[in-house]
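Notes follow once the structure below has been shown.
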Amino acid sequence: MKVVRTMIALLVLALLAVPLASAKKLNVVTSTTDLAALAQEVGGDRISVESIAKGYQDPHFVEAKPSFLLKLRQADLLISVGLELEIGWLPPLITQCGNARVQVGAPGYLDASQFAEILEKPTGQITRAMGDVHPLGNPHYWLDPDNGRRVAKGIAAKLGELDPPDSGYFQQRFADFDKRLTAAEKNWDEQMKLFRGRQVVTYHNSWTNFSKHFGLNVVGYIEPRPGIPPTPQHTIDIIQMMRRDNIKVMLIEPYFDLKTPNSIGRETGAQVLVLLPSVGGEKQVTDYFKLFDYDIGLLTKAFNATK
Amino acid sequence: MPYRHWGVAFLIFILVAIAPAARAQQSQDDRIKALEERIIALEGQVRMLKAQQQPAAPAPATPEVAAAPVASAAGQAGALPVYGGASAAAKALNPDISVIGDFLGSMGHNPMLPTPAFQMHESEVGLQAIIDPYARGDFFLSFGEEGVNLEEGYITLTALPAGFVVRGGKMRAAFGKVNTLHNHVLPWADRPLVTNSLVGGEDGIDDAGLSVTRILPAPKGLFLEATGQVFRGDSADVFSSSQRSDVSAIAHLRGYRDLTESTNLDIGASYARGHNDLGSRFLTQLYGVDATLRWKPLRRSIYHSFVGRGEFIWSQRQQLPRLQRSFGFYTSGDYQLGRRWFAGARYDRSDRSRDDALTDSGASLVLTYWPSEFSQLRGQYRLTRYAEHFDAHEFLMQLQFSLGAHGAHPF
Numbered sequence: 005m006k007v008v009r010t011m012i013a014l015l016v017l018a019l020l021a022v023p024l025a026s027a028k029k030l031n032v033v034t035s036t037t038d039l040a041a042l043a044q045e046v047g048g049d050r051i052s053v054e055s056i057a058k059g060y061q062d063p064h065f066v067e068a069k070p071s072f073l074l075k076l077r078q079a080d081l082l083i084s085v086g087l088e089l090e091i092g093w094l095p096p097l098i099t100q101c102g103n104a105r106v107q108v109g110a111p112g113y114l115d116a117s118q119f120a121e122i123l124e125k126p127t128g129q130i131t132r133a134m135g136d137v138h139p140l141g142n143p144h145y146w147l148d149p150d151n152g153r154r155v156a157k158g159i160a161a162k163l164g165e166l167d168p169p170d171s172g173y174f175q176q177r178f179a180d181f182d183k184r185l186t187a188a189e190k191n192w193d194e195q196m197k198l199f200r201g202r203q204v205v206t207y208h209n210s211w212t213n214f215s216k217h218f219g220l221n222v223v224g225y226i227e228p229r230p231g232i233p234p235t236p237q238h239t240i241d242i243i244q245m246m247r248r249d250n251i252k253v254m255l256i257e258p259y260f261d262l263k264t265p266n267s268i269g270r271e272t273g274a275q276v277l278v279l280l281p282s283v284g285g286e287k288q289v290t291d292y293f294k295l296f297d298y299d300i301g302l303l304t305k306a307f308n309a310t311k
Numbered sequence: 160m161p162y163r164h165w166g167v168a169f170l171i172f173i174l175v176a177i178a179p180a181a182r183a184q185q186s187q188d189d190r191i192k193a194l195e196e197r198i199i200a201l202e203g204q205v206r207m208l209k210a211q212q213q214p215a216a217p218a219p220a221t222p223e224v225a226a227a228p229v230a231s232a233a234g235q236a237g238a239l240p241v242y243g244g245a246s247a248a249a250k251a252l253n254p255d256i257s258v259i260g261d262f263l264g265s266m267g268h269n270p271m272l273p274t275p276a277f278q279m280h281e282s283e284v285g286l287q288a289i290i291d292p293y294a295r296g297d298f299f300l301s302f303g304e305e306g307v308n309l310e311e312g313y314i315t316l317t318a319l320p321a322g323f324v325v326r327g328g329k330m331r332a333a334f335g336k337v338n339t340l341h342n343h344v345l346p347w348a349d350r351p352l353v354t355n356s357l358v359g360g361e362d363g364i365d366d367a368g369l370s371v372t373r374i375l376p377a378p379k380g381l382f383l384e385a386t387g388q389v390f391r392g393d394s395a396d397v398f399s400s401s402q403r404s405d406v407s408a409i410a411h412l413r414g415y416r417d418l419t420e421s422t423n424l425d426i427g428a429s430y431a432r433g434h435n436d437l438g439s440r441f442l443t444q445l446y447g448v449d450a451t452l453r454w455k456p457l458r459r460s461i462y463h464s465f466v467g468r469g470e471f472i473w474s475q476r477q478q479l480p481r482l483q484r485s486f487g488f489y490t491s492g493d494y495q496l497g498r499r500w501f502a503g504a505r506y507d508r509s510d511r512s513r514d515d516a517l518t519d520s521g522a523s524l525v526l527t528y529w530p531s532e533f534s535q536l537r538g539q540y541r542l543t544r545y546a547e548h549f550d551a552h553e554f555l556m557q558l559q560f561s562l563g564a565h566g567a568h569p570f
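Protein sequences, first through last, are from chains A and B. Counting from 5, one number per residue, gives the positions in the first sequence under this note's numbering. Counting from 160, one number per residue, gives the positions in the second sequence under this note's numbering.
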């Protein structure tokens with residue numbers, strides 16, 4: 005009898021534990037650190053959030069490690085950058101995780117690109133002769149703070165949908181984030197105002213949205229085509245162009261080899277800036293605001309030094 | 160004094176006049192901004208609709224192009240039928256299509272394995288799509304020199320309760336590592352001796368049946384996954400079924416752990432059991448252990464990496480006059496020298512499944528060059544020391560190229 009009673013008590017406890025668990029924090033997994041930072045801004049202490057890729061990692065080439073399946077298995081919400089940025093690794097993780105909540109099309113799957121302004125949507129025929137092109141547009145959209153705001157708003161709405169009692173909280177957190185971002189943006193715009201129209205060369209075309217917002221003019225890439233490593237002829241062309249047009253700044257993502265950029269720098273006297281495309285690219289860059297603080301700090305210093 | 164009054168009056172006039180103008184300017188800016196936001200939100204919704212395969216727009220490129228003529232000559236443009244509209248919507252439902260070509264050249268002398276000088280070894284067509292909210296489908300048709308073969312074709316149920324993932328159809332069995340891999344993702348131009356001698360060679364254990372996988376509860380940081388599979392029982396020369404009850408079964412347990420951010424260890428144990436070509440009363444059982452050590456520094460992940468792997472397989476084949484107990488293994492290492500270059504080496508050794516007294520061994524050196532993510536050129540020097548006491552020195556040249564949808568990178 006005693007055993008049966010204990011069993012029943014345990015069963016009741018187990019059943020009680022289910023609603024208790026659901027009152028816990030929403031478990032959010034994002035593909036990149038930037039989305040994690042934005043989700044954290046609006047989710048506050050009502051969510052726990054973790055990113056699959058690290059901020060200093062090339063988001064095109066993340067490995068679909070089984071340890072990520074463990075994260076995805078527990079997730080209530082998966083937020084992806086979309087536009088095929090994660091096509092090499094996210095689909096198998098989603099298929100294998102055995103979590104119905106985060107399957108594509110389920111309420112717990114959010115493609116953040118739907119909220120953002122997308123640039124470089126190819127028109128007309130595209131082929132791989134153009135390199136590793138993204139047929140749906142440039143996926144590096146989070147580098148425009150206006151898109152950060154739009155994505156945060158979308159995430160806040162989605163969190164409210166998944167956790168209705170807290171939707172007011174998420175909206176309030178978004179309003180607060182919006183206010184802080186607007187103030188920060190004014191400051192960033194002010195710092196960059198002097199340098200609008202400056203010509204730069206970048207390694208990969210990750211900086212389209214950033215350049216649009218801050219008025220930089222990207223005139224060339226060190227990669228001859230997206231995803232194709234630098235070739236000697238292309239490097240010579242870039243050096244000639246930089247000399248001719250007096251271009252003094254190169255922007256390099258932290259996951260690319262600095263050998264070619266450094267040798268171009270030696271030839272042209274241009275500065276090589278390791279600019280961060282993502283939160284967490286350096287230890288001190290812990291949130292969405294610090295990302296722009298860091299990048300704009302580097303840029304203004306370089307532009308000031310190379311009048 | 161009147162001046163002061165005039166001055167004050169003038170100031171007030173200016174303020175009264177300018178304020179609404181400035182406010183109007185401000186509100187106009189706000190309105191434009193609000194409109195911009197709405198356009199961006201709408202564009203996003205259109206993209207989502209297209210991705211969800213609903214006929215949102217007649218054709219992907221037309222909206223922007225069509226906007227101008229509609230505005231200038233609305234009557235004419237509006238009256239014209241939109242050709243191809245239906246087909247564009249239908250196309251959105253098409254699966255992702257990819258083709259991978261595998262061209263192989265061989266040099267040297269090998270009477271045991273007389274492959275031709277040149278062959279279009281395999282052309283693999285992949286068709287993949289999400290079927291509905293509960294499942295996805297994957298088809299891989301391989302066109303070889305002799306004909307077409309359904310390499311894999313299965314449905315994966317992704318939305319089952321309790322974390323189960325179920326597959327049904329024809330698939331490569333979860334026995335070890337190499338058996339699960341398609342030719343084009345192998346780090347070599349061929350398959351190891353142990354695969355050829357004990358696990359059915361290139362086709363491997365690839366059969367029609369059902370598969371159930373689940374991630375098991377484990378201490379934090381450890382990934383444990385169990386797979387159970389039941390097949391019809393026909394796989395190359397390993398299993399063959401002469402009646403319905405001659406099904407084969409496969410069990411696989413996989414453990415994985417991140418040792419550091421850049422290094423991880425993947426270990427598996429496999430078991431397979433089925434009936435062999437001698438009939439329903441003769442069983443073949445296979446036991447396997449595999450281990451893979453990977454290193455890839457995240458900051459330089461596209462430039463350097465190392466994969467070391469090994470697979471050990473024991474085969475017990477019931478036949479007359481006695482049970483054959485064969486053992487075989489391979490170990491290999493592949494180092495990425497730069498963004499486009501990989502170098503590797505492999506050591507092979509295996510008994511033959513039908514005669515455990517015969518043992519072959521071999522070694523290979525491999526160099527692979529990737530012009531881009533979508534093509535690769537590989538050279539492999541292969542030495543095979545056959546049990547019949549002769550050595551085969553061969554040079555294999557492989558050219559692989561992929562068309563169409565960007566597939567996932569294997570792990």
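Glycine is no exception: its CB is placed at the ideal position from the N, C-alpha and C atoms.
Exercise. How is the alpha helix (DSSP H) around residue 194 of chain A delimited, first residue to last?
Worked result: One-based indexing of the first sequence puts residue 194 of chain A at position 190. Residues 171 to 197.
For this session: Could you tell me whether the Cβ atoms of residue 464 of chain B and residue 431 of chain B are closer together than 8 Å?
Result: Counting from 1 along the second sequence, the entry for residue 464 of chain B is found at position 305. Counting from 1 along the second sequence, the entry for residue 431 of chain B is found at position 272. The answer is no: Cβ separation not under 8 Å.
Exercise. Chain D partners of residue 415 of chain B, CB-CB under 8 Å?
Worked result: Here chain D cannot be found, since the structure's protein chains are A and B.
Problem set entry | Distance between residue 121 of chain A and residue 188 of chain A (C-alpha atoms, nearest Å) | The residue given as residue 188 of chain A occupies position 184 in the first sequence. The residue given as residue 121 of chain A occupies position 117 in the first sequence. Approximately 20 Å between the Cα atoms of the pair.
Exercise. How far does the beta strand (DSSP E) with residue 28 of chain A in it reach, from first residue to last?
Worked result: What you label residue 28 of chain A is simply residue 24 of the first sequence in a count that begins at 1. Looking at the DSSP string, residue 28 of chain A is not in any beta strand (DSSP E), and its letter there is neither H nor E.
For this session: Buried or exposed for residue 254 of chain A, please, with buried defined as at least 16 other CB atoms from any protein chain shown within 10 angstroms of its CB.
Result: Residue mapping note: residue 254 of chain A aligns to position 250 of the first sequence, counting from 1. Residue 254 of chain A should be labelled buried.
For this session: For residue 487 of chain B, collect the residues of the same chain with a Cβ closer than 7 Å to its Cβ; drop the 5 residues on either side in sequence, then sort them by chain order.
Result: For the purposes of this step, residue 487 of chain B is identified with residue 328 of the second sequence, where counting begins at 1. Taking residue 487 of chain B as the centre and dropping the five residues before and after it, the same chain places the C-beta of 352, 353, 356, 357, 472, 508, 509, 510 closer than 7 Å to its C-beta, in chain order.
Exercise. Hey, quick one: how far does the alpha helix (DSSP H) through residue 96 of chain A stretch, first residue to last?
Worked result: Working through the first sequence from its first residue, we reach residue 96 of chain A at position 92. Here the alpha helix (DSSP H) through residue 96 of chain A covers 94 to 100.
For this session: Using a Cβ-Cβ cut-off of 8 Å, state whether residue 103 of chain A counts as contacting chain B.
Result: The count along the first sequence starts at 1 and reaches residue 103 of chain A at position 99. By the rule that beta-carbons nearer than 8 Å mark a contact, residue 103 of chain A touches chain B.
Problem set entry | Check whether residue 257 of chain A and residue 207 of chain A have beta carbons under 8 Å apart | Position 253 of the first sequence holds residue 257 of chain A. Position 203 of the first sequence holds residue 207 of chain A. Contact flag set, yes.
Exercise. So, does the CB of residue 120 of chain A fall closer than 8 Å to a CB anywhere in chain B?
Worked result: As a first step, residue 120 of chain A is located in the first sequence; it is residue number 116 there, counting from the start. With 8 Å as the cut-off, residue 120 of chain A counts as an interface residue toward chain B.
Exercise. Which same chain residues, not among the five before or five after residue 212 of chain A, have their C-beta less than 6 Å away from its C-beta?
Worked result: Counted from its first residue, the first sequence places residue 212 of chain A at position 208. If we look at residue 212 of chain A and ignore the five residues flanking it on each side, its Cβ neighbours are 123, 124, 142.
Exercise. Between the C-alpha atoms of residue 165 of chain B and residue 191 of chain B, what's the straight-line distance to the nearest angstrom?
Worked result: As a working mapping, residue 165 of chain B is identified with position 6 in the second sequence. As a working mapping, residue 191 of chain B is identified with position 32 in the second sequence. When rounded, the distance between both Cα atoms is 39 Å.
Problem set entry | Euclidean distance between Cα positions of residue 560 of chain B and residue 290 of chain B | Taking the second sequence and counting its residues from 1, one reaches residue 560 of chain B at position 401. Taking the second sequence and counting its residues from 1, one reaches residue 290 of chain B at position 131. Cα to Cα, the separation comes out at about 27 Å.
For this session: Decide if residue 403 of chain B is buried, meaning its Cβ has at least 16 other Cβ atoms within 10 Å, or exposed.
Result: Taking the first residue of the second sequence as 1, we reach residue 403 of chain B at position 244. Classification for residue 403 of chain B: exposed.
Problem set entry | Assigned secondary structure, residue 205 of chain B (DSSP; H/G/I helix, E/B strand, else coil) | In the second sequence, residue 205 of chain B corresponds to position 46, counting from 1. In this structure, DSSP gives residue 205 of chain B a helical state, which the three-state scheme calls helix.
Exercise. What is the rounded straight-line gap between the Cα of residue 568 of chain B and the Cα of residue 327 of chain B?
Worked result: What you label residue 568 of chain B is simply residue 409 of the second sequence in a count that begins at 1. What you label residue 327 of chain B is simply residue 168 of the second sequence in a count that begins at 1. Distance between the alpha carbons of residue 568 of chain B and residue 327 of chain B is about 23 Å.
For this session: Measure from the C-beta of residue 457 of chain B to each C-beta in chain A and report whether the shortest distance is under 8 Å.
Result: Along the second sequence, read from residue 1 onward, the residue named residue 457 of chain B stands at position 298. Taking Cβ atoms only, chain A reaches closer than 8 Å to residue 457 of chain B, which makes this a yes.
Exercise. Beta-carbon of residue 110 of chain A versus every beta-carbon of chain B: anything under 8 Å?
Worked result: Taking the first residue of the first sequence as 1, we reach residue 110 of chain A at position 106. Yes, residue 110 of chain A counts as interfacial toward chain B.
Exercise. Would residue 489 of chain B pass as a contact of residue 469 of chain B if the rule is Cβ separation under 8 Å?
Worked result: For this step, residue 489 of chain B is matched to residue 330 along the second sequence. For this step, residue 469 of chain B is matched to residue 310 along the second sequence. Judged by their CB atoms, residue 489 of chain B and residue 469 of chain B are nearer to each other than the 8 Å cut-off.
Exercise. Name the chain B residues that come within less than 9 Å of residue 117 of chain A, Cβ to Cβ?
Worked result: For the purposes of this step, residue 117 of chain A is identified with residue 113 of the first sequence, where counting begins at 1. Chain order gives the chain B residues near residue 117 of chain A as 203, 206, 207, where near means a beta carbon separation below 9 Å.
For this session: Can you grab the Cα-Cα spacing for the pair residue 390 of chain B / residue 201 of chain B, in whole Å?
Result: Indexing the second sequence from 1 puts residue 390 of chain B at position 231. Indexing the second sequence from 1 puts residue 201 of chain B at position 42. In a straight line, the C-alpha of residue 390 of chain B is about 49 Å away from that of residue 201 of chain B.
For this session: Below 8 Å on the Cβ atoms is my guess for residue 215 of chain A versus residue 222 of chain A; work out the distance and round it to an integer in Å.
Result: The count along the first sequence starts at 1 and reaches residue 215 of chain A at position 211. The count along the first sequence starts at 1 and reaches residue 222 of chain A at position 218. Their Cβ separation, rounded to whole angstroms, is 5 Å, which keeps residue 215 of chain A and residue 222 of chain A in contact under 8 Å.
For this session: Could you give the DSSP three-state label for residue 513 of chain B: helix, strand or coil?
Result: Sequence index remark: in the second sequence, residue 513 of chain B carries index 354 (1-based). Coil, per DSSP.
For this session: Note down, in chain order, each residue of its chain lying with its Cβ closer than 8 Å to the Cβ of residue 380 of chain B, except the 5 sequence neighbours on either side.
Result: Position 221 of the second sequence, counted from the start, is the residue given in the question as residue 380 of chain B. Result list for residue 380 of chain B: 416, 417, in chain order.
Exercise. CA-CA distance, residue 177 of chain A and residue 281 of chain B?
Worked result: Within the first sequence, numbered from 1, the residue matching residue 177 of chain A stands at position 173. Within the second sequence, numbered from 1, the residue matching residue 281 of chain B stands at position 122. Spanning the two alpha carbons is a distance of roughly 56 Å.
Exercise. Between residue 267 of chain B and residue 522 of chain B, is the Cβ-Cβ spacing less than 8 Å?
Worked result: Counted from its first residue, the second sequence places residue 267 of chain B at position 108. Counted from its first residue, the second sequence places residue 522 of chain B at position 363. No, the pair does not count as a contact, with Cβ atoms beyond the cut-off.
Exercise. Three or more beta-carbon pairs under 8 Å between the region 95 to 115 of chain A and the region 68 to 83 of chain A, yes or no?
Worked result: Yes, the region 95 to 115 of chain A is in contact with the region 68 to 83 of chain A.
Problem set entry | Contact with chain B by residue 207 of chain A, beta-carbon distance below 8 Å | Numbered from its first residue, the first sequence carries residue 207 of chain A at position 203. No, residue 207 of chain A does not count as interfacial toward chain B.
Exercise. With 8 Å set as the bound, which would you pick, yes or no: does the beta-carbon of residue 21 of chain A sit closer than that to a beta-carbon of chain B?
Worked result: Here the question's residue 21 of chain A lines up with position 17 in the first sequence. Residue placement at residue 21 of chain A is flagged as unreliable, the pLDDT there being 45, under the threshold of 50; the coordinate-derived value follows with that caveat. False, the Cβ-Cβ gap to chain B never drops below 8 Å.
For this session: Could you have a look at residue 330 of chain B and say whether DSSP puts it in helix, strand or coil?
Result: Residue mapping note: residue 330 of chain B aligns to position 171 of the second sequence, counting from 1. DSSP places residue 330 of chain B in strand when its eight states are reduced to three.
Exercise. Can you find a C-beta in chain B that's less than 8 Å from the C-beta of residue 61 of chain A?
Worked result: Position 57 of the first sequence, counted from the start, is the residue given in the question as residue 61 of chain A. At a cut-off of 8 Å, the C-beta of residue 61 of chain A has a neighbouring C-beta in chain B.
Exercise. For a contact meaning CB atoms closer than 9 Å, what does residue 392 of chain A contact in chain B?
Worked result: No answer is possible for residue 392 of chain A: the residues shown for chain A start at 5 and end at 311.
Exercise. Under 8 Å between the Cβ atoms of residue 573 of chain B and residue 429 of chain B?
Worked result: Outside the displayed range of chain B (160 to 570) lies residue 573 of chain B, so it cannot be described from this structure.
Exercise. So with Cβ pairs under 8 Å, would you call residue 382 of chain B a contact of chain A?
Worked result: Taking the first residue of the second sequence as position 1, residue 382 of chain B is located at position 223. Yes, residue 382 of chain B lies at the interface with chain A (some Cβ there is under 8 Å from its Cβ).
Exercise. What does residue 531 of chain B touch in chain A if you count any residue whose Cβ is under 7 Å from its own?
Worked result: Translated into the one-based positions of the second sequence, residue 531 of chain B becomes position 372. Within 7 Å of the CB of residue 531 of chain B, the CB atoms of chain A belong to 231, 232, in sequence order along the chain.
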